[in-house]
Amino acid sequence: KSMADVSGYVAQLEQVESALRAAPGDEELIKLRADLVELVNTLSDLARVEQAGKSAAAAAFRVGDKVLALSADGEWHPARVERVTDKGYDVAFMGMLRGTKDLVAKLAAKPYERPDLSAFSAGRKVSAWYAG
Numbered sequence: 650k651s652m653a654d655v656s657g658y659v660a661q662l663e664q665v666e667s668a669l670r671a672a673p674g675d676e677e678l679i680k681l682r683a684d685l686v687e688l689v690n691t692l693s694d695l696a697r698v699e700q701a702g703k704s705a706a707a708a709a710f711r712v713g714d715k716v717l718a719l720s721a722d723g724e725w726h727p728a729r730v731e732r733v734t735d736k737g738y739d740v741a742f743m744g745m746l747r748g749t750k751d752l753v754a755k756l757a758a759k760p761y762e763r764p765d766l767s768a769f770s771a772g773r774k775v776s777a778w779y780a781g
C-alpha cells in the first residue's frame with residue numbers, strides 16, 4: 650500500500666473518532682476504531698519497510714540467515730530463514746515466537762540487529778517475559 654492509501658485510512662479514523670465523541674459507548678464504532686488504528690499502524694510499518702527495502706533490496710537473505718521479520722502481530726521479531734521463495738522467505742521465529750513459522754514478503758525482512766544491552770548491568774532489576 651502507498652502512503653496515499655494510509656492517509657485515506659487516517660481520514661476514516663478521524664471520522665470514526667469524531668463519531669465516537671458524539672456516541673462514546675457505541676461498541677461498533679469502538680471496534681471499528683481499534684481495527685483502523687491497527688490497519689494504519691501496519692500499513693505505516695509496511696510503507697517504512699518498503700522504503701528501507703528499496704535501498705536494501707540487493708541485500709537478499711539466504712537459508713540460515715538470522716533476520717528481523719515482520720510478524721502477524723505487526724512487530725519485528727528475530728527469525729531464521731528456512732527457505733527462499735519467489736514471494737519471500739519462509740522463516741522460523743525465535744524468542745517469544747519460537748515454534749511459529751511464516752512466509753514473509755522480502756520487504757518484511759531486514760538484517761538482524763543485536764539489541765543494545767548497554768543499559769543493563771549485573772544486579773540490576775528488570776522485568777522480562779520468559780519465552781522458553
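Per this note's numbering, the sequence shown runs over residues 650 to 781. The C-beta atom is built at its ideal place from N, Cα and C for all residues, glycine as well.
Original post:
In terms of alpha-carbon separation, which member of M745, V753, Y658, A668 lies closest to A777?
Top reply: To locate residue 777, count along the sequence shown from 1; it is residue 128. Comparing Cα positions, the closest option is M745.
**OP:** Reducing DSSP to helix, strand and coil, say where A728 ends up.
**Re:** Sequence index remark: in the sequence shown, residue 728 carries index 79 (1-based). A728: strand per DSSP, three-state reduction.
Original post:
What does a CB cutoff of less than 6 Å around K750 pick up in its chain, not counting 5 residues either side in sequence?
Top reply: The residue labelled residue 750 in the question sits at position 101 within the sequence shown. Excluding residues within five positions, the ones whose Cβ falls inside 6 Å are A741.
Original post:
Whose CA, out of D722, V665, L669, D714, lies closest to the CA of R729?
Top reply: Residue 729 sits at position 80 when you count from the first residue of the sequence shown. Cα-wise, what sits closest to R729 is D714.
Original post:
Thinking C-beta only, is G737 closer than 8 Å to V753?
Top reply: By one-based count along the sequence shown, residue 753 stands at place 104. By one-based count along the sequence shown, residue 737 stands at place 88. In this structure, G737 lies closer than 8 Å to V753 by Cβ.
Original post:
Would DSSP call G744 helix, strand or coil?
Top reply: By one-based count along the sequence shown, residue 744 stands at place 95. G744 falls in the helix class under three-state DSSP.
**OP:** Report yes if the C-beta distance between R732 and D722 is below 8 Å; otherwise report no.
**Re:** Residue numbering aside, residue 732 sits at position 83 when the sequence shown is read from its first letter. Residue numbering aside, residue 722 sits at position 73 when the sequence shown is read from its first letter. No, Cβ-Cβ distance for R732 and D722 is not below 8 Å.
Original post:
Sorted by chain position, which residues of the same chain lie with C-beta nearer than 7 Å to A671's C-beta, five sequence neighbours on each side aside?
Top reply: Translated into the one-based positions of the sequence shown, residue 671 becomes position 22. There are no such residues.
Original post:
Would V655 pass as a contact of A696 if the rule is Cβ separation under 8 Å?
Top reply: Within the sequence shown, numbered from 1, the residue matching residue 655 stands at position 6. Within the sequence shown, numbered from 1, the residue matching residue 696 stands at position 47. In contact: V655 and A696 (Cβ atoms closer than 8 Å).
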